[in-house]
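K.L.:
2 protein chains.
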Amino acid sequence: MSRSYAIIGAGALGCYYGSRLEVAGCGVHYLMRSDFDYVAEHGLRAESMHGEVVIDRPRVYRDIADMPRCDVVVVAMKSTGNSALPALLLPALKVDGLVLVLQNGLGVERQAAEVVGAERVVGGLCFLCSNRIGPGHIRQTRVDRLKLGEYATRGVSERMRAIGADFERGNVAVSLSENLDLARWQKLVWNVPYNGLCAVLDCDTTLIMGNPATASLAVDLMHEVVGAAKAVGGHVIDQAFVQKMLDDTAGMNAYLPSMQIDRQEGRPMEVEAIHGEPVRAAEAAGYPVPKMRMLYEQLCLVDTLRERRA
Amino acid sequence: MSRSYAIIGAGALGCYYGSRLEVAGCGVHYLMRSDFDYVAEHGLRAESMHGEVVIDRPRVYRDIADMPRCDVVVVAMKSTGNSALPALLLPALKVDGLVLVLQNGLGVERQAAEVVGAERVVGGLCFLCSNRIGPGHIRQTRVDRLKLGEYATRGVSERMRAIGADFERGNVAVSLSENLDLARWQKLVWNVPYNGLCAVLDCDTTLIMGNPATASLAVDLMHEVVGAAKAVGGHVIDQAFVQKMLDDTAGMNAYLPSMQIDRQEGRPMEVEAIHGEPVRAAEAAGYPVPKMRMLYEQLCLVDTLRERRA
Chain A
37 MSRSYAIIGA GALGCYYGSR LEVAGCGVHY LMRSDFDYVA EHGLRAESMH GEVVIDRPRV
97 YRDIADMPRC DVVVVAMKST GNSALPALLL PALKVDGLVL VLQNGLGVER QAAEVVGAER
157 VVGGLCFLCS NRIGPGHIRQ TRVDRLKLGE YATRGVSERM RAIGADFERG NVAVSLSENL
217 DLARWQKLVW NVPYNGLCAV LDCDTTLIMG NPATASLAVD LMHEVVGAAK AVGGHVIDQA
277 FVQKMLDDTA GMNAYLPSMQ IDRQEGRPME VEAIHGEPVR AAEAAGYPVP KMRMLYEQLC
337 LVDTLRERRA
Chain B
37 MSRSYAIIGA GALGCYYGSR LEVAGCGVHY LMRSDFDYVA EHGLRAESMH GEVVIDRPRV
97 YRDIADMPRC DVVVVAMKST GNSALPALLL PALKVDGLVL VLQNGLGVER QAAEVVGAER
157 VVGGLCFLCS NRIGPGHIRQ TRVDRLKLGE YATRGVSERM RAIGADFERG NVAVSLSENL
217 DLARWQKLVW NVPYNGLCAV LDCDTTLIMG NPATASLAVD LMHEVVGAAK AVGGHVIDQA
277 FVQKMLDDTA GMNAYLPSMQ IDRQEGRPME VEAIHGEPVR AAEAAGYPVP KMRMLYEQLC
337 LVDTLRERRA
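Residue numbers (the working numbering), protein chains in the order written: chain A, 37 to 346; chain B, 37 to 346.
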């Protein structure tokens, strides 16, 4: 019997992955707020590199109490809403179910684990461009990769393989990481400088890379992340990885990281998960990260001003 | 016989001090670009704490070649225009005249000294709020203090006293510094954090101080400036001075530092004088200033984006 999935926070990311899991033949249930009425009536439409998927009668819910318990509860909302996790996870989870955390940053699995227990948590890193272009209508472009990893243990588990296989049947490119924490720090090598600098300086990645001063600053920030990954987790991230992040970004067209899109659209920015958590982890390990801290502090104000200006 | 003054770059600051020197009975000549036509016809109007001064027939010049040589050439334009100094200083200077540099930041006297010789340069730090509110019409509010110091030597010279006496007759509160370099570093303790952070984060000082994260960042930046002042110049700036800067700023109403006003009005920002110079000086002395450097690098991009957005 195929696994059932509960998508908690069905925005651009949740709806996209939901649509791929539907293609894979899984039972998908969507917890949805703002677009609920529209989607309940008109269905869900997901355009992507893999073609268009229209789901006429998606199983959408406004209230978690109405949703059936599922094998996999997918945490797909922004981490800024994680204070709601206790109310959302347990009602949606089968007794032997597990939670898949598809959020940005560091420490997000820990927040789920505090609710359901560490052994029931799998993490996922999304390398995805997906945007909501209208009610119940999302469009995925360019990259679409998902990296899965166990939270409480190292190595590749059977349940990771099974979930990965579901996504792969939906055409998502899946990789299985033996070391989720390393994968999270690797992703921070990109996310810390580009999400942070674009949001503070109100610009896209080409402007950061096109100016020698900020391009140099991005390198410095990457090196702080690499040093913190070693100090906090004992992870080795080599210079070739850093160079690849720089080269890839220099070769991209103008790209707006999610945090800058959130800023522009007046939504809460994931400052704590992407910046606050790694800064606190590094400093707790006795490893100073002055530029990461400065960026974090600037983002705290930008996030406040966003609220004022919204 | 009273001293004659050439005001090079007669904007809000130059016109204000010019008007005070006219009150003091000095001969004042203004080099002026944008407002030249208006002022030549309608005169100059300066409102201030000391009342209103109207100069019906100010001695204004569009071209430095038309200006008579003066005893004191006052460098009153923004330091971003200092590449023009060689063409502007020598034609305006009497054989035994001197140059008074009234610019923000560090290294600005050196640029004048490279043109006229270090022994002919006196520096001045302006603690002044003066704005152009219309053509030929400026308004000074709140503070009005001028601190003078010799560039090439320590101590208080006779010519400093004489120039200071001219300004004081015009009601400007003058202090004479025995150590100009120390005074410049002291001013940077305020200018580096507040000019820089307000311009990067597009806000005023109360927002910086009202957010615990950026208030803490301002303190860190001040401490880097204090450390750099010691490493570069051997200057001791004590914690009481830092605390006074913080307390004064916390007690101010919403204040826009000059760099943020320049950003808002699409004018070049004094990034090199206020940030680039002290960062380079500190690093050349082997003293790392990671947060000052990061702020400088961010400002480099903001200044470029200002040009694009203007």
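Where is the CB? At the ideal position from N, CA and C, for every residue including glycine.
Return the first residue and the last residue of the beta strand (DSSP E) that A/D73 is part of.
P.N.:
Counting along the chain, A/D73 falls outside any beta strand (DSSP E), though it belongs to the alpha helix (DSSP H) covering F72 to H78.
K.L.:
Would A/P229 pass as an interface residue toward chain B - the criterion being a Cβ-Cβ separation below 7 Å?
P.N.:
Cβ-Cβ to chain B under 7 Å: no for A/P229.
K.L.:
Counting along the chain, where does the alpha helix (DSSP H) carrying A/G269 start and finish?
P.N.:
P248 to G269 is the extent of the alpha helix (DSSP H) around A/G269.
K.L.:
Which residues, taken in chain order from the stretch 250-275 of chain B, show a beta carbon closer than 7 Å to some beta carbon of chain A?
P.N.:
Answer in chain order: T250, S252 and L253.
K.L.:
Under 7 Å between C-beta atoms, does B/N247 make it to chain A?
P.N.:
Yes, B/N247 lies at the interface with chain A (some Cβ there is under 7 Å from its Cβ).
K.L.:
Along chain B, in chain order, which residues have C-beta atoms closer than 9 Å to that of A/M330?
P.N.:
In chain order: L253, D256, L257, P326, K327, M330 and L331.
K.L.:
So, with DSSP's three-state summary, where would you put A/E83?
P.N.:
In the structure shown, A/E83 sits in a strand (DSSP, three-state: E or B).
K.L.:
Kindly list the residues whose CB is nearer than 8 Å to the CB of A/G133, restricted to its own chain and excluding five residues on each side of it in sequence; keep chain order.
P.N.:
R105, C106, D107, V108, V109 and R156.
K.L.:
Tell me, please, whether the CB atom of B/L337 is closer than 7 Å to any CB atom in chain A?
P.N.:
Chain A, which has a Cβ nearer than 7 Å to the Cβ of B/L337, makes this yes.
K.L.:
Do three or more CB pairs link the stretch 143-157 of chain B to the stretch 326-346 of chain A at distances below 8 Å?
P.N.:
Touching, no, given that fewer than three Cβ pairs across the two stretches are closer than 8 Å.
K.L.:
On the DSSP letters alone, give me the boundaries of the alpha helix (DSSP H) that B/N231 sits inside.
P.N.:
Per DSSP, B/N231 belongs to the alpha helix (DSSP H) from L216 to L237.
K.L.:
To the nearest angstrom, how far is it from the Cα of A/G50 to the Cα of A/A188?
P.N.:
Between A/G50 and A/A188, the C-alpha separation is close to 24 Å.
K.L.:
Can you round the beta-carbon distance between B/R197 and B/L212 to whole angstroms, since I take them to be within the 8 Å contact cut?
P.N.:
At roughly 7 Å, the Cβ-Cβ gap stays under 8 Å, so B/R197 and B/L212 are in contact.
K.L.:
Would you verify that the beta carbon of A/T116 is, or is not, closer than 7 Å to some beta carbon of chain B?
P.N.:
With 7 Å as the cut-off, A/T116 does not count as an interface residue toward chain B.
K.L.:
Give the C-beta separation of B/C336 and A/N231 to the nearest angstrom, bearing in mind that I take them to be a contact with Cβ-Cβ under 8 Å.
P.N.:
Wrong, their Cβ atoms sit about 20 Å apart, outside the cutoff.
K.L.:
Compute the Euclidean distance between the alpha carbons of A/V64 and A/L57, then round it to the nearest angstrom.
P.N.:
Between A/V64 and A/L57, the C-alpha separation is close to 7 Å.
K.L.:
Would you say A/T242 reaches chain B, if we count a Cβ-Cβ gap shorter than 7 Å as a contact?
P.N.:
Answer no: the Cβ-Cβ gap between A/T242 and chain B never drops below 7 Å.
K.L.:
So, does the CB of B/T285 fall closer than 7 Å to a CB anywhere in chain D?
P.N.:
As a matter of chain content, chain D is missing from the structure shown, whose protein chains are A and B.
K.L.:
Can you name the residues that DSSP bridges to B/G159?
P.N.:
Its beta-bridge partners are B/V137 and B/G185.
K.L.:
Which same chain residues end up closer than 6 Å to B/D298 when comparing Cβ atoms and leaving out the 5 residues on each side of it in sequence?
P.N.:
Result list for B/D298: M305, in chain order.
K.L.:
Take A/S193 and list the residues in its own chain whose beta-carbon comes closer than 7 Å to its own, dropping the five residues that flank it on each side.
P.N.:
So the qualifying residues of the chain are E186.
K.L.:
Might you give, ordered along the chain, the residues of its own chain that have their beta carbon closer than 7 Å to the beta carbon of A/G263, omitting 5 neighbours on each side?
P.N.:
Counting only Cβ-Cβ distances below 7 Å, and skipping sequence neighbours, we find Y323.
K.L.:
How close, in whole Å, do the beta carbons of A/V228 and A/L257 come, if the pair is a contact with beta carbons under 8 Å?
P.N.:
Going by Cβ atoms, the distance from A/V228 to A/L257 rounds to 6 Å, so yes, they are a contact pair.
K.L.:
Taking the C-alpha atoms as reference points, what is the distance between A/A286 and B/A318?
P.N.:
Cα to Cα, A/A286 sits roughly 30 Å from B/A318.
K.L.:
Name the residue from A/G79, A/A48, A/T116 and A/E333 whose alpha carbon lies nearest to the alpha carbon of A/R168.
P.N.:
Per the Cα distances, A/A48.
K.L.:
Around the C-beta of A/D102, are 16 or more other C-beta atoms found within 10 angstroms, so that it is buried, or is it exposed?
P.N.:
So A/D102 counts as exposed.
K.L.:
Helix, strand or coil: how does DSSP classify B/I174 here?
P.N.:
Three-state DSSP puts B/I174 in a strand.
K.L.:
Run through the stretch 285-321 of chain A for me and flag every whole alpha helix (DSSP H) of 4 or more residues, listed as ranges in chain order.
P.N.:
Listed in chain order, they are 294-300 and 313-320.
K.L.:
Using beta carbons (cut-off 7 Å, strictly below), is B/L237 in contact with chain A?
P.N.:
B/L237 counts as touching chain A.
K.L.:
Please return the same chain residues whose Cβ sits closer than 6 Å to the Cβ of B/L224, not counting the five positions on each side in sequence.
P.N.:
Contacts found: V261 and P314.
K.L.:
Take B/H271 and list the residues in its own chain whose beta-carbon comes closer than 6 Å to its own, dropping the five residues that flank it on each side.
P.N.:
Within the same chain, B/H271 has close Cβ partners L218, W221 and A265.
K.L.:
Following the continuous beta strand (DSSP E) through A/D107, name the residue where it begins and the one where it ends.
P.N.:
Here the beta strand (DSSP E) through A/D107 covers C106 to V111.
K.L.:
Taking 7 Å as the threshold (C-beta atoms), are A/Q296 and A/C234 in contact?
P.N.:
Their beta carbons are under 7 Å apart, which means A/C234 touches A/Q296 by this criterion.
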